[in-house]
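Residue numbers (mature numbering (1 follows the signal peptide of the UniProt record, and there is no 0)): -29 to -1, 1 to 692. Ideal placement from N, C-alpha and C gives every residue a C-beta, glycine not left out. Below is one structure; the comments refer to it alone.
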């Protein structure tokens, strides 16, 4: 009896264990099937390129073989990662995804997912990485995402999300990376954002966030990257940001921040990138900012900062690569030590009040971009140009709007083979353009307009085959346009206006078949307009040949300019009729052919140019009736004065009615007749008869046409006399 009592519990235990082991495969099977059904549910509302989700099929039982799926390696094999990045998939994110209860990584970026983010994603307790960036998701960020205690990485950037940043998400205990950039988020920054013990990277740029930057109350938060650029954040920069002692990258560009830059920022020893550009900051830059040995990028442009740059700046910023101080109120000279910052790649000091001579920057082997425009700098003996020849990586040299005087040295041709932008406009540079300019084979933009440059355009300009823009306007250039200009086949803008250039327009300009702007106005050019110019179908913005001595007719090829917005050929010596092909310029907005010797009727097709906004036909020899309709209905947009033989059928100030003009002609003929009669003496009557008969004939013809029978009676009366 005793043995049976002992045996019974053992049997019960064995039976329980047996039942558990038997049910275990069924439970495992159920979990796997749940994952499969969740994925099929997720797929059911999606579309995309053929074959992307072809493996996701009811007939395929093992989800671990499906495209984009990663399963755990131990049984039960659950779905732990769903990666469909950049697959071209469209549709909503189904809440079914929350049934993947073992999911650790969800990667759906760079697709066309739309709709809202399911709040049930917060139920995925094992989820560590969530990447839904680069889609068209909208609506609010679910606060439930902050409840996941495993979540370390959240990237919802580049969508159309609205609403506020949930406090729960900012306060998530495990979150390390938060990327919400390029959405439409609004509201204030969560106070917990800078005071958590886990957040390392915060990217909130390009939203509509408002309010001030929260005070950092924690002693040393671990934040390394903080980007709040391109929002509407206001107030002062809190000095407590200096408590972010691990900060590597701080970006506050283009907000509404005011006040002084706190000195504490300059004491963050780990800081490598600091940009405060485009705010309303004022006062002097704290010396600590120019004394950060670790900083590689310092940008404080577009503020109202004042003062002089430290004389030792080249030594106190030993690792600086990009120094962006433009559009402030800095004054004084450029420190002579600045060329000692040997790692400099970009130096932007434009739009300040800097004075003195341009230093020698030839000691900067990595210099790529140098912009000193719109200051009060002087060239001295131009030796700084020779120095820059050592900067073999230089791609951009901008010296616009300074006090540069004297002649450009021939050493300008020794600048970097990589130089693409050379801007010297709006100075007082005199003398000729050095022929050596043709050595700069990589130049794409060469701006020398608004100076006092004299002499010819060197033929070597034709060596610059990469040129896209060439403005030499508003100088004192003379001589002829070199034929080699036709070698510039990449050119889209050629401006030589406001010079003393003479001779004919070279037909070779027609080879510049990428031109959008051609402005040769206000020169002394003569001869016919080459028809080749009107074969440049790319001309779209402007063709201005006005204020020259051009002669001949307007070439019929003008009709090829079907994309042009503006044509001005005024103040020349052009003759003939307006060619009918001009009517093919259907997007023409501005047409000025005034002050020429053009004649004939004003063509009716001008009324059909629906884009035309300004038409100047004044001071030519046009005759007949001014057309009605189209632009001619807007008298403020049309000028026809100075054409004495024009008339109109509608009363318009300054232009006679056509009927009145006919009467006036008849009266003039009658007056001439009476004058002849009075001047003819009796003894000379036979000599006057031919002239008399001619005037009678003209008078009769006019009166017959205009007055009918009544006028005929007057003629009979004269004949009877």
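Subject >> Own chain partners of residue 191 with C-beta closer than 6 Å, once the 5 adjacent residues on each side are dropped >> reply: These residues qualify, in order along the chain: 216.
**OP:** Determine the burial state of residue 44: buried for a count of at least 16 other Cβ atoms within 10 Å of its Cβ, exposed for fewer.
**Re:** Classification of residue 44: exposed, given that the 10 Å Cβ count is below 16.
Subject >> Per-residue DSSP class, three states only, for residue 188 >> reply: In the structure shown, the three-state DSSP call for residue 188 is coil.
**OP:** Could you check if residue 342 is buried or exposed, using at least 16 other CB atoms within 10 Å of its CB as the buried criterion?
**Re:** Around the beta carbon of residue 342, a 10 Å sphere encloses 16 or more other beta carbons of the protein chains shown; the residue is thus reported as buried.
**OP:** From the DSSP output, in three-state form, read off residue 433 for me.
**Re:** Here residue 433 sits in helix by DSSP.
Subject >> Residue closest to residue 545, alpha-carbon to alpha-carbon, out of 567, 168 and 526 >> reply: Residue 567 is the option with its Cα nearest to residue 545.
Original post:
Exposed or buried, which one is residue 336 when buried takes at least 16 other CB atoms within 10 Å?
Top reply: Classification for residue 336: exposed.
**OP:** Select from 104, 144, 110 and 106 the residue whose C-alpha is nearest the C-alpha of residue 117.
**Re:** Minimum Cα distance to residue 117 is reached at 144.
Original post:
Would you call the region 170 to 182 and the region 143 to 161 in contact, with 3 or more CB pairs under 8 Å?
Top reply: A contact exists between the region 170 to 182 and the region 143 to 161.
Original post:
When you compare only the Cα positions, how much space is there between residue 459 and residue 511?
Top reply: Here the alpha carbon of residue 459 sits roughly 18 Å from the alpha carbon of residue 511.
Original post:
Can you give the Cα-Cα distance for residue 265 and residue 307, rounded to whole angstroms?
Top reply: Each residue's alpha carbon lies about 22 Å from the other.
Subject >> When 423, 242 and 594 are compared against residue 618, the one with the closest alpha-carbon >> reply: Taking each of 423, 242 and 594 in turn and checking the Cα distance to residue 618, the smallest one comes out for 594.
Original post:
Are the C-beta of residue 444 and some C-beta of chain B separated by less than 8 Å?
Top reply: No chain B is present in this structure, which holds just one protein chain.
Original post:
So what's residue 616 in DSSP terms, helix, strand or just coil?
Top reply: DSSP, reduced to helix, strand and coil, places residue 616 within a strand of the structure shown.
Original post:
DSSP state of residue 257, grouped into three classes?
Top reply: Three-state result, residue 257: coil.
**OP:** Below 8 Å on the Cβ atoms is my guess for residue 84 versus residue 111; work out the distance and round it to an integer in Å.
**Re:** Rounded, the Cβ-Cβ distance is 16 Å, inconsistent with contact.
Subject >> Status (buried if at least 16 other CB within 10 Å, exposed otherwise) for residue 493 >> reply: Flag for residue 493 reads buried.
**OP:** Please confirm whether residue 248 and residue 273 have their CB atoms less than 8 Å apart.
**Re:** Against a cut-off of 8 Å, the Cβ pair of residue 273 and residue 248 comes out as a contact.
**OP:** Given a cut-off of 8 Å, decide if residue 55 and residue 82 are closer than it, judged by their beta-carbon atoms.
**Re:** Less than 8 Å separates the beta-carbon of residue 82 from that of residue 55.
Subject >> Cross-strand partners of residue 419 (DSSP beta bridge) >> reply: Secondary-structure assignment with DSSP links residue 419 through no beta bridge to anything.
Original post:
Would residue 559 pass as a contact of residue 521 if the rule is Cβ separation under 8 Å?
Top reply: Their beta carbons are not under 8 Å apart, which means residue 559 does not touch residue 521 by this criterion.
Subject >> Range of the contiguous alpha helix (DSSP H) that encloses residue 358 >> reply: 354 to 359 is the extent of the alpha helix (DSSP H) around residue 358.
Subject >> Beta-ladder partner(s) of residue 78, from DSSP >> reply: In the DSSP assignment, the residues bridged to residue 78 are 54 and 102.
**OP:** Could you pull the start and end residues of the alpha helix (DSSP H) that residue 95 belongs to?
**Re:** Following the DSSP letters along the chain, one finds residue 95 in no alpha helix (DSSP H), marked with neither H nor E.
**OP:** Please determine, among 499, 50, 194 and 185, the residue with the shortest C-alpha to C-alpha distance to residue 527.
**Re:** Measuring from the Cα of residue 527, the nearest candidate turns out to be 499.
Original post:
How about residue 315 and residue 292: are their beta carbons less than 8 Å apart?
Top reply: Going by C-beta atoms, residue 315 is nearer than 8 Å to residue 292.
**OP:** Decide if residue 250 is buried, meaning its Cβ has at least 16 other Cβ atoms within 10 Å, or exposed.
**Re:** Under this definition residue 250 is a buried residue.
Subject >> Simplified DSSP assignment, three categories, for residue 694 >> reply: Since the first and last residues shown for the chain are -29 and 692, residue 694 lies out of range.
Subject >> Delimiting residues of the alpha helix (DSSP H) encompassing residue 140 >> reply: Where residue 140 is concerned, the enclosing alpha helix (DSSP H) stretches over 138 to 141.
Original post:
Any idea which residues DSSP pairs residue 347 with across the strands?
Top reply: Paired residues: 326.
Subject >> Where residue 485 sits in the DSSP three-state scheme >> reply: Coil.
Subject >> Alpha-carbon spacing of residue 165 relative to residue 185, whole angstroms >> reply: Answer to the nearest angstrom: the Cα atoms are 8 Å apart.
Original post:
From what residue to what residue does the beta strand (DSSP E) around residue 313 run?
Top reply: Boundaries for residue 313: no beta strand (DSSP E) harbours it, and the DSSP string shows neither H nor E there.
**OP:** Please list, in chain order, all residues of the same chain as residue 434 whose beta carbon is under 7 Å from its beta carbon, the five residues on each side excluded.
**Re:** These residues qualify, in order along the chain: 409 and 412.
**OP:** Tell whether a beta-carbon distance below 8 Å holds between residue 485 and residue 461.
**Re:** In this structure, residue 485 places its C-beta atom within 8 Å of the C-beta atom of residue 461.
Original post:
How many Å lie between residue 52 and residue 9 at the Cα?
Top reply: Approximately 13 Å between the Cα atoms of the pair.
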